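Trainee: Residue numbers (the working numbering), protein chains in the order written: chain A, 139 to 566; chain B, 57 to 246.
From the three backbone atoms N, C-alpha and C, an ideal C-beta is built for every residue, glycine too.
None of the values given here were measured: they were computed from a predicted structure.
Would you mind keeping the following structure in view while I ask a few things?
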Ligand code: HEM
Ligand code: FES
């Protein structure tokens with residue numbers, strides 16, 4: 139959106155409109171902008187996310203036409219949508235499975251950003267706006283899961299809202315939780331307000347996505363080599379080259395989405411959520427949705443309540459500082475042999491935390507023997523979470539800052555063009 | 057028109073800026089409060105304050121869960137052995153130091169009724185309902201309650217013994233209206 143425009147209104151009506159509301163110009167200049175010519179498929183997840191966001195908005199607005207945000211009726215109204223409403227059997231899982239698919243895409247999108255150094259100068263604001271989007275997505279997903287008012291819904295809501303009770307009562311902890319609940323416990327008022335906010339937040343996400351893409355149009359995309367665009371020969375216009383590439387990826391992604399939607403619609407949910415909410419009986423093992431599991435593991439890794447909550451929020455907060463924590467002048471880890479290994483370990487650690495988050499803290503990862511009473515002993519999931527939590531934080535606070543200063547990067551290609559045409563041996 | 061003279065003295069215009077700025081901030085504050093406060097517990101929620109419970113319906117060793125303000129309240133008839141166990145504990149080992157007697161209220165005769173323990177059945181960690189099962193290990197390692205969510209163990213006085221919960225199970229305000237009936241939600245009026 140900087141520099142000259144690619145739009146030449148031809149017909150009289152286009153000229154008339156352009157002089158009064160240059161909206162076509164805005165559209166054309168958003169789509170026809172020079173992008174690096176070497177973007178790979180990891181760069182299609184932004185477009186996939188945009189499609190998923192629209193899908194969530196449409197299905198969500200439809201569900202809201204039939205859903206009843208009342209503790210006596212919410213559970214039944216979701217069943218009613220599934221059983222009685224025309225196409226409800228498809229639209230309701232489309233929204234529920236769609237949320238999972240969107241988180242899958244966002245995690246790939248974020249790991250991509252870390253690996254290729256997309257968060258770093260000059261794209262810090264793209265990353266930070268992205269993190270705000272991610273926080274909004276987490277809040278939206280959490281409140282959405284409460285709406286069907288099953289056992290996991292209510293107990294998820296109880297545990298998460300109680301995170302705020304880690305604030306000491308003297309410092310308004312009790313006042314804050316009661317304000318969130320609108321009562322002395324999670325109940326009807328809580329459900330009703332969660333519905334209102336669950337409807338609102340996606341529209342804030344839309345607003346943030348506009349900022350995200352606006353910020354992206356200043357430096358244009360990063361690319362797998364991480365080197366900046368130098369000449370026109372390094373670029374291709376977004377349309378038609380990447381609109382087509384994105385469209386292909388979207389179709390493949392929608393096929394995966396369809397598989398889950400039509401054949402495994404409940405695989406990402408929890409069976410306990412088919413039991414209506416009961417505030418007097420906690421299920422023996424409560425777990426959040428899969429996309430929060432790593433953070434849940436970090437929460438449980440710390441034996442102290444307040445510090446556990448602090449560690450959990452810090453694990454998300456540290457991501458905001460990533461652009462400054464990764465001190466290397468080289469963006470892409472393709473040319474950073476050490477950083478690359480630590481990165482892949484980091485991905486494994488995140489998956490491992492997710493695994494630990496799904497288990498009981500006292501369950502064993504593996505047994506090393508039996509104690510005097512004949513019980514198996516060994517590495518428990520809580521200890522595994524502790525070890526992985528240390529790596530999680532060390533990756534951001536120790537490894538990335540130091541590595542950038544001590545690591546010797548491999549030679550980079552002279553330009554994006556050279557890396558594509560293979561006229562430069564620097565690239566692998 | 058005369059050229060304005062540079063001066064450090066506040067001008068009438070500065071005064072107007074500061075005064076109107078203050079009025080806007082204060083006005084926004086007054087307007088914001090109703091928007092925030094509407095989310096607090098409503099009048100009808102606040103009025104559901106008390107319940108009554110007849111403890112003579114309990115069997116020794118058993119527990120009943122009463123519902124008060126949308127929360128579970130444990131009312132437990134402790135055995136003599138359990139009371140002895142709770143009393144003999146050295147409170148210095150506790151995270152939240154409270155003797156068993158401090159967690160009880162006197163009956164109409166002014167004496168404690170240690171057999172009846174009343175506590176809000178909400179884990180002080182993140183709000184799950186701890187499990188009770190004296191015959192089984194489900195009640196935790198200390199013969200009280202066990203919270204399955206993140207593994208907090210409470211003793212039969214509701215005191216936190218092990219796990220992430222920071223404080224003992226809360227004792228709600230309650231009093232003995234008669235020898236056998238308690239009212240939860242209100243303290244005895246002295
Ligand atoms: C609703 C969620 C989101 C949507 C619709 C979205 C959309 C997009 C789109 C269309 C692009 C350009 C294409 C691409 O690079 O893939 C992009 C780039 C980017 N996004 Fe997102 N995004 C979302 C969430 C996030 C989140 C949560 C983060 C991380 C904190 C993030 C970080 C980035 C970064 C750093 C770029 C620039 C990447 C580069 O050019 O190499 N985004 N986003
Ligand atoms: S809620 Fe009871 S241990 Fe966490």
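Using C-beta distances below 6 Å, list every residue in its chain close to residue 229/A, excluding the 5 sequence neighbours before and after it, in chain order.
Mentor: Excluding sequence neighbours, residue 229/A sits near 197 and 200.
Trainee: Can you check which of these residues, 352/A, 417/A and 534/A, is closest to residue 267/A by C-alpha distance?
Mentor: Ranking the options by Cα distance to residue 267/A, first place goes to 352/A.
Trainee: Is it the case that the region 292-312 of chain A contacts the region 422-438 of chain A, given that we only count it when at least three CB pairs across the two stretches are under 8 Å?
Mentor: Judged by Cβ distances under 8 Å, the region 422-438 of chain A makes contact with the region 292-312 of chain A, as three or more pairs qualify.
Trainee: Quick one: does the C-beta of residue 207/B sit closer than 7 Å to a heavy atom of the ligand FES?
Mentor: Yes, since a heavy atom of the ligand FES falls inside the 7 Å radius drawn around the Cβ of residue 207/B.
Trainee: Can you list the residues of chain A that residue 1/B reaches, using a CB-CB cut of under 8 Å?
Mentor: Nothing can be reported for residue 1/B: it is not among the residues displayed for chain B, which extend from 57 to 246.
Trainee: Output yes if chain A places a C-beta closer than 8 Å to the C-beta of residue 182/B; else output no.
Mentor: Yes, residue 182/B counts as interfacial toward chain A.
Trainee: Look at the alpha carbon of residue 173/A and the alpha carbon of residue 358/A, and state the distance between them as a whole number of angstroms.
Mentor: Each residue's alpha carbon lies about 6 Å from the other.
Trainee: Would a check of beta-carbon distances place residue 417/A closer than 8 Å to chain B?
Mentor: It does; some Cβ of chain B falls within 8 Å.
Trainee: Give me the chain B residues within the contact set of residue 422/A, using Cβ-Cβ distance strictly less than 7 Å, ordered along the chain.
Mentor: Within chain B, the residues near residue 422/A are 204.
Trainee: Is residue 220/A helix, strand or coil when you go by DSSP?
Mentor: Helix at residue 220/A.
Trainee: Hey, is residue 123/B's beta-carbon within less than 8 Å of any beta-carbon in chain A?
Mentor: So yes, residue 123/B belongs to the interface.
Trainee: Name, in chain order, the residues that DSSP records as bridge partners for residue 232/B.
Mentor: Note: residue 232/B sits in a beta bridge opposite 238/B.
Trainee: How would you list, in chain order, the residues of chain B whose beta-carbon sits under 8 Å from the beta-carbon of residue 411/A?
Mentor: Simply none; closest approach about 16 Å.
Trainee: What in chain A is Cβ-close to residue 185/B, meaning under 7 Å?
Mentor: The answer, in chain order, is 418, 419 and 420.
Trainee: In its own chain, which residues sit with a C-beta less than 8 Å from the C-beta of residue 250/A, not counting the 5 before and 5 after it?
Mentor: The residues are 180, 181, 183 and 256.
Trainee: Contact criterion: CB-CB distance below 8 Å. Does residue 210/A meet it with respect to chain B?
Mentor: Residue 210/A does not count as touching chain B.
Trainee: Determine the burial state of residue 566/A: buried for a count of at least 16 other Cβ atoms within 10 Å of its Cβ, exposed for fewer.
Mentor: A caution first: residue 566/A carries a pLDDT of 41, below 50, which makes its placement in the model unreliable, though a value can still be read off. It is exposed - the Cβ of residue 566/A has fewer than 16 other Cβ atoms within 10 Å.
Trainee: Starting from residue 172/A and walking both ways along the alpha helix (DSSP H), at which residues does that stretch end?
Mentor: Run containing residue 172/A: none in the alpha helix (DSSP H); it sits in the beta strand (DSSP E), 172-174.
Trainee: What is the DSSP secondary structure of residue 377/A, reduced to helix, strand or coil?
Mentor: In this structure, residue 377/A counts as helix in the three-state DSSP scheme.
Trainee: Would you mind stating whether residue 204/A and residue 218/A have Cβ atoms separated by less than 8 Å?
Mentor: Closer than 8 Å, so yes.
Trainee: Go ahead and label residue 228/B buried or exposed: buried means 16 or more other beta carbons lie within 10 angstroms of its beta carbon, across all protein chains shown.
Mentor: The residue in question, residue 228/B, is buried, as its Cβ has 16 or more Cβ neighbours within 10 Å.
Trainee: Using 8 Å as the Cβ pair cut-off and three pairs as the minimum, do the region 83-98 of chain B and the region 203-215 of chain B touch?
Mentor: Counting Cβ pairs under 8 Å, fewer than three are found: no touch.
Trainee: From residue 110/A to residue 145/A, what distance separates their C-alpha atoms?
Mentor: Outside the displayed range of chain A (139 to 566) lies residue 110/A, so it cannot be described from this structure.
Trainee: List the residues of chain A whose Cβ lies closer than 7 Å to the Cβ of residue 220/B, in chain order.
Mentor: By Cβ distance, chain A contributes 441, 442, 443 and 446.
Trainee: Suppose you measure from the CA of residue 285/A to the CA of residue 379/A; what does that come to, to the nearest Å?
Mentor: Looking at the two C-alpha atoms, the distance is approximately 41 Å.
Trainee: For residue 340/A versus residue 194/A, is the C-beta spacing smaller than 8 Å?
Mentor: In this structure, residue 194/A lies closer than 8 Å to residue 340/A by Cβ.
Trainee: Closer than 8 Å, CB to CB, is residue 153/B near chain A or not?
Mentor: It does not; no Cβ of chain A falls within 8 Å.
Trainee: Compute the beta-carbon to beta-carbon distance between residue 522/A and residue 496/A, rounded to the nearest angstrom, for a pair I have assumed lies under 8 Å.
Mentor: About 12 Å separates the two Cβ atoms, so there is no contact after all.
Trainee: The region 138-168 of chain B: which residues have C-beta closer than 7 Å to a C-beta of chain A, in chain order?
Mentor: Going along the region 138-168 of chain B in chain order, one finds no residue with a Cβ nearer than 7 Å to chain A.
Trainee: How big is the Cα-Cα spacing for residue 303/A and residue 366/A?
Mentor: Taking the straight line joining both Cα atoms gives about 47 Å.
Trainee: To the nearest whole angstrom, what separates the beta carbons of residue 254/A and residue 471/A, a pair I think is in contact under 8 Å?
Mentor: So it is a contact: roughly 7 Å between Cβ atoms.
Trainee: Can you list the residues of chain B that residue 500/A reaches, using a CB-CB cut of under 7 Å?
Mentor: Chain B residues near residue 500/A: 207.
Trainee: I want to check one thing, is the minimum distance from the CB of residue 220/B to the heavy atoms of the ligand FES below 7 Å?
Mentor: Yes, the Cβ of residue 220/B comes within 7 Å of a heavy atom of the ligand FES.
Trainee: Taking buried to mean at least 16 other C-beta atoms within 10 Å of its own C-beta, is residue 507/A buried or exposed?
Mentor: It is exposed - the Cβ of residue 507/A has fewer than 16 other Cβ atoms within 10 Å.
Trainee: Please classify residue 128/B: does DSSP put it in a helix, a strand, or coil?
Mentor: Reduced to three states, the DSSP call for residue 128/B is strand.
Trainee: Which word fits residue 411/A, buried or exposed, when buried means at least 16 other C-beta atoms lie within 10 angstroms of its C-beta?
Mentor: With 16 or more Cβ atoms within 10 Å of its Cβ, residue 411/A is classed as buried.
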